[in-house]
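Visitor: Quick one: this structure, given as structure tokens, is what I'll be asking you about.
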Amino acid sequence: MDKYLDARFERVERALASLIDSIAKYNPSEKLGEELVAADRELAAGLQALETHHNNHARIQQLRAETAALDAQTKDIIGALWAMRKEVKNTHTTVYAASGPKYQFTTAELLDYARRISSTTLPPQAAINGAADRAAATAGAAGTSPDADDAARSSQGGQTPTASFGASFNGGSATPTQTQTQTQSQTTVTSTFTELPMNIKPAVNPGDGAVFYPWPVEEQIRGGALSAVDYLSTHGIDPRGYDPEEEEQRKKEEEQARKEAEERARQEREEAERRMREERERMARERERARAEAERRGSVATGFIQAPAKAQFTFLDGLDDDDDDD
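The numbering of the sequence shown is UniProt numbering, which starts it at 1 and goes up by one.
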């Protein structure tokens, strides 16, 4: 490229020198002028070729750099693949057992059993006691209770020895009216003492009237561990390794640190204000002291003003006159 451009520069120089010589000899030649124009065009074409050469060279350098980077990346990928292949070959494979049922029951049997769990689960004892108490209360409201029936049957069986003895002592037998009155009073007393009042039942049996559900209700599900995990996941917190007590302790420490920082800032601010106040007071005292000193010096200077000095040789004018006469 250098030789290419040098040849074009030499041609331009020769054509220009020839044209200058012809002009100097007062014999300009049109042919020499055209030769100079042609040489200039050829030089312009050479310069354009030089620019293209430089651009191509820069592009080649860029491509070489990209090729080197891609070669290094390819080497890294091949090295990583080789290391991965070596690791995979050194990894021990898992030996699975022979295919077949691992348990004595199948999945269908397990699901069928789970489907019948809720229907065979017994309610808690509190619900059972509450149902028994409600049945007893219903029977008492109807006027028939087991104790009352036993008392009625014992009264209908005949008179007691005590009643016979009382009848013989009174001189006669008990009338049917008296017997019925005694039987009704015994039935009333028996039915009264076999049932608890309605206001005492909740204290004796807390589970009275409780409703049994063989599955957890929605409130229990929302208050369980799964609901807590869902809440943490929704708020962007990883449930693994999450400790509420540690988080609470961390929040307390951050709050304590924040309060301590605020307290330090407040103390520093108060200390700075105190220093500024003391500095202002000191400057005020100095100004007051300087003013008092200036006043004192002014008063002292005023008190000690000296009188004008007396002139010497005041009465020598006569002597001078005498000297002049002489």
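Note that CB positions come from ideal geometry on N, CA and C, so glycine has one too.
Determine the direct distance from the alpha carbon of Glu246 to that of Lys252, and round the result to whole angstroms.
Guide: The alpha-carbon atoms of Lys252 and Glu246 are separated by roughly 10 angstroms.
Visitor: I need the boundaries of the alpha helix (DSSP H) containing Trp82, first residue and last residue.
Guide: Element bounds for Trp82: 30-90.
Visitor: Taking the alpha-carbon positions, what's the Lys201 to Val211 distance?
Guide: Cα-Cα distance, rounded: 16 angstroms.
Visitor: Between the segment 52-60 and the segment 33-41, can you find at least three pairs of beta-carbon atoms closer than 8 angstroms?
Guide: No contact exists between the segment 33-41 and the segment 52-60.
Visitor: How is the alpha helix (DSSP H) around Tyr113 delimited, first residue to last?
Guide: 107-115 is the extent of the alpha helix (DSSP H) around Tyr113.
Visitor: Tell me, to the nearest whole angstrom, how far the beta carbon of Pro216 is from that of Val229; I am working on the premise that it is less than 8 angstroms.
Guide: Contact flag wrong, Cβ pair sits at about 16 angstroms.
Visitor: Could you check whether Ala39 and Arg64 sit closer than 8 angstroms to each other, using their CB atoms as the reference points?
Guide: Cβ distance not < 8 angstroms, so Arg64 and Ala39 don't count as in contact.
Visitor: In whole angstroms, what separates the C-alpha of Gln104 from that of Leu110?
Guide: Between Gln104 and Leu110, the C-alpha separation is close to 10 angstroms.
Visitor: Roughly how many angstroms separate the alpha carbons of Gln73 and Arg85, rounded to a whole number?
Guide: Each residue's alpha carbon lies about 18 angstroms from the other.
Visitor: Quick check: what's the CA-CA separation for Leu47 versus Asp2?
Guide: One C-alpha to the other measures close to 11 angstroms.
Visitor: Are Leu226 and Tyr242 touching if we call contact CB-CB under 8 angstroms?
Guide: Taking 8 angstroms as the Cβ cut-off, Leu226 and Tyr242 do not qualify as a contacting pair.
Visitor: Excluding sequence positions up to five away, which residues of its chain have a Cβ less than 6 angstroms from the Cβ of Arg8?
Guide: Answer for Arg8: Glu42, Leu43, Gly46, listed in chain order.
Visitor: Going by alpha carbons, who is nearest to Ala49 out of Ala83, Ala17, Leu5, Gly79?
Guide: Ranking Ala83, Ala17, Leu5, Gly79 by Cα distance to Ala49 puts Leu5 first.
Visitor: When the Cα atoms are used, what is the spatial distance from Val95 to Lys89?
Guide: Looking at the two C-alpha atoms, the distance is approximately 15 angstroms.
Visitor: My output table needs one value for Thr160: the three-state DSSP class, helix, strand or coil.
Guide: At Thr160, the pLDDT of 42 sits below 50, so the modelled position is not reliable and the matter cannot be decided from this model.
Visitor: Tell me the DSSP secondary structure of Tyr231 in three-state form.
Guide: The answer is helix: DSSP assigns Tyr231 an H, G or I state.
Visitor: According to DSSP, is Asp21 helix, strand or coil?
Guide: It is helical.
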